[in-house]
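Anchor point for the sequence shown: position 104 equals 104 in the numbering used here, and the numbering is continuous, going up by one each time. Cβ atoms here follow ideal geometry from the backbone N, Cα and C, with glycine treated the same way. Since this is a predicted model, take the numbers as computed values, not measurements. The structure appears below as structure tokens.
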Amino acid sequence: MNRDQRYAGYEARNFLWRAEDGVATITLNRPERKNPLTFASYAELRDLFRGLVYAADVDAVVIAGAMAMPELLAFTRMTGDVVKAMRACPQPVVAAVDGVCAGAGAMLALASDVRYGTPSARVAFLFTRVGLAGADMGACALLPRVVGHGRASELLYSGRSMHADEALAWGFFNRLCAPDAVLREAQAFARVLAGGPTFGHAMTKKMLHQEWAMGLDEAIEAEAEAQAICMQTRDFRRAYEAFAAKRAPVFEGD
Numbered sequence: 001m002n003r004d005q006r007y008a009g010y011e012a013r014n015f016l017w018r019a020e021d022g023v024a025t026i027t028l029n030r031p032e033r034k035n036p037l038t039f040a041s042y043a044e045l046r047d048l049f050r051g052l053v054y055a056a057d058v059d060a061v062v063i064a065g066a067m068a069m070p071e072l073l074a075f076t077r078m079t080g081d082v083v084k085a086m087r088a089c090p091q092p093v094v095a096a097v098d099g100v101c102a103g104a105g106a107m108l109a110l111a112s113d114v115r116y117g118t119p120s121a122r123v124a125f126l127f128t129r130v131g132l133a134g135a136d137m138g139a140c141a142l143l144p145r146v147v148g149h150g151r152a153s154e155l156l157y158s159g160r161s162m163h164a165d166e167a168l169a170w171g172f173f174n175r176l177c178a179p180d181a182v183l184r185e186a187q188a189f190a191r192v193l194a195g196g197p198t199f200g201h202a203m204t205k206k207m208l209h210q211e212w213a214m215g216l217d218e219a220i221e222a223e224a225e226a227q228a229i230c231m232q233t234r235d236f237r238r239a240y241e242a243f244a245a246k247r248a249p250v251f252e253g254d
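And the structure:
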């Protein structure tokens with residue numbers, strides 16, 4: 001894959017965007033409207049995540065904000081496309097959740113690879129509360145894999161809020177942070193990822209996604225092939241040489 005596009009100077013229209021030191025931060029920035037996700041913002045998020053496949057200067061992504069949701073087939077397909085683009089982009093995505101994260105916002109957090117929350121965070125997949133199915137944007141595929149089938153069923157049928165402590169205990173949140181620290185902590189973790197073997201991280205994300213539909217034998221073979229590919233990278237050589245020299249490796253993503 002030829003990754004030669006630059007995103008540090010990207011000018012977003014429907015959210016705040018910042019990229020520096022290999023970490024991009026997306027902030028849904030209309031708190032007075034509870035950060036609604038519109039047709040335009042979905043389209044821009046979809047196109048952005050698709051473009052990040054080719055980004056040479058972005059190695060990890062943080063998405064922050066609190067959110068909500070509407071309907072109709074072209075629209076619902078586009079919302080699903082955002083989730084597919086997030087899962088397909090090679091960069092790890094870290095969500096920072098503070099306050100109410102509901103509907104489509106909950107799905108953006110769920111589609112992320114790692115989720116940080118605050119003690120006051122509330123997560124709700126509230127589609128049934130407005131007469132829709134709990135099956136939206138991949139919720140019935142993703143949520144059971146994160147919190148388990150029974151818990152996902154309860155949340156999707158009831159549309160109730162999942163409180164922060166519950167979300168942490170169930171594995172939805174990886175960590176709870178103070179409200180004034182959650183974005184900073186998420187960005188710090190993203191910087192650690194960006195400073196690591198980014199080709200290896202991209203391969204890990206790909207395998208985590210693809211192996212959902214594999215049996216164990218198939219998964220082991222796929223991972224053997226993935227590692228064989230990674231062993232041909234310069235980062236693997238750097239790590240080997242650093243290990244031999246008893247020093248920490250410096251990864252460059254190639």
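Of the residues the options, which one's Cα is nearest the Cα of residue i?
| i | options | result |
| --- | --- | --- |
| LEU193 | SER158, GLU252 and LEU142 | GLU252 |
| ARG145 | TRP212, PHE236, ILE26 and ARG238 | TRP212 |
| TYR116 | ALA43, ALA202, PRO249 and ALA96 | ALA96 |
| GLY105 | CYS140, ARG129, ILE63 and THR128 | ILE63 |
| ASP98 | MET86, ALA178, ALA242 and LEU110 | ALA178 |
| ASP180 | THR118, TYR54 and PHE49 | THR118 |
| ALA248 | LEU208, GLY196, THR204 and GLY215 | GLY196 |
| ASP21 | ALA40, VAL61, VAL83 and THR204 | VAL61 |
| MET107 | THR79, ARG175 and VAL147 | THR79 |
| PHE199 | MET231, GLY215, ASP217 and MET214 | MET231 |
| ARG191 | ALA102, VAL23 and ARG3 | VAL23 |
| ASN29 | ARG18, GLY65 and ASP217 | GLY65 |
| CYS257 | ALA152, ARG175 and GLU11 | Outside the displayed range of the chain (1 to 254) lies residue 257, so it cannot be described from this structure. |
| ARG129 | GLY150, GLY103 and LEU110 | GLY103 |
| GLY131 | ALA244, ALA12 and SER158 | SER158 |
Need the endpoints of the beta strand (DSSP E) that residue i sits in, please.
| i | result |
| --- | --- |
| TYR54 | Here TYR54 belongs to no beta strand (DSSP E), and DSSP marks it neither H nor E. |
| MET162 | 161-163 |
| ALA213 | No beta strand (DSSP E) holds ALA213; DSSP gives it neither H nor E. |
| GLY117 | 114-117 |
Could you please give me the residues that DSSP links to residue i through a beta bridge?
| i | result |
| --- | --- |
| TRP17 | ILE26 |
| ALA85 | Answer is none; ALA85 lacks a bridge partner. |
| GLN5 | ALA55 |
| ARG191 | None; ARG191 has no bridge partner. |
| ILE63 | ILE26 and ALA95 |
| ALA124 | ALA102 and SER161 |
| LEU176 | GLY117 |
Span of the alpha helix (DSSP H) holding residue i?
| i | result |
| --- | --- |
| ALA244 | 234-244 |
| VAL94 | Unbroken run through VAL94 is the beta strand (DSSP E), 93-97; no alpha helix (DSSP H). |
| TYR157 | 149-158 |
| ALA12 | Here ALA12 belongs to no alpha helix (DSSP H), and DSSP marks it neither H nor E. |
Roughly how far, in whole angstroms, is the beta-carbon of residue i from the beta-carbon of residue j, given that I think they are within contact range, below 8 Å?
| i | j | result |
| --- | --- | --- |
| PRO90 | VAL114 | Going by Cβ atoms, the distance from PRO90 to VAL114 rounds to 15 Å, so no, they are not a contact pair. |
| LYS6 | ASP59 | Sequence check: residue 6 is Arg here, not Lys. In fact, because the Cβ distance is near 13 Å, the residues do not count as touching under 8 Å. |
| LEU143 | LEU156 | 7 Å |
| ARG46 | ALA85 | 5 Å |
| THR27 | PHE15 | 6 Å |
| VAL82 | PHE127 | That pair is no contact at about 16 Å. |
| SER112 | VAL94 | 6 Å |
| TYR54 | ASP4 | 7 Å |
| ASP254 | ARG234 | 5 Å |
| MET203 | ALA226 | 5 Å |
message: With a threshold of 8 Å, are at least 3 pairs of Cβ atoms found where one atom belongs to the stretch 152-164 and the other to the stretch 111-129?
response: Yes, the stretch 152-164 is in contact with the stretch 111-129.
task: Give a yes or no on contact between the stretch 163-177 and the stretch 128-136, applying the rule of three or more CB pairs nearer than 8 Å.
output: Under the Cβ criterion (8 Å, minimum of three pairs), the stretch 163-177 does not count as touching the stretch 128-136.
message: For the stretch 221-228 against the stretch 183-191, do three or more pairs of beta-carbon atoms, one drawn from each stretch, fall closer than 8 Å, so that the two count as touching?
response: Verdict: no, contact absent.
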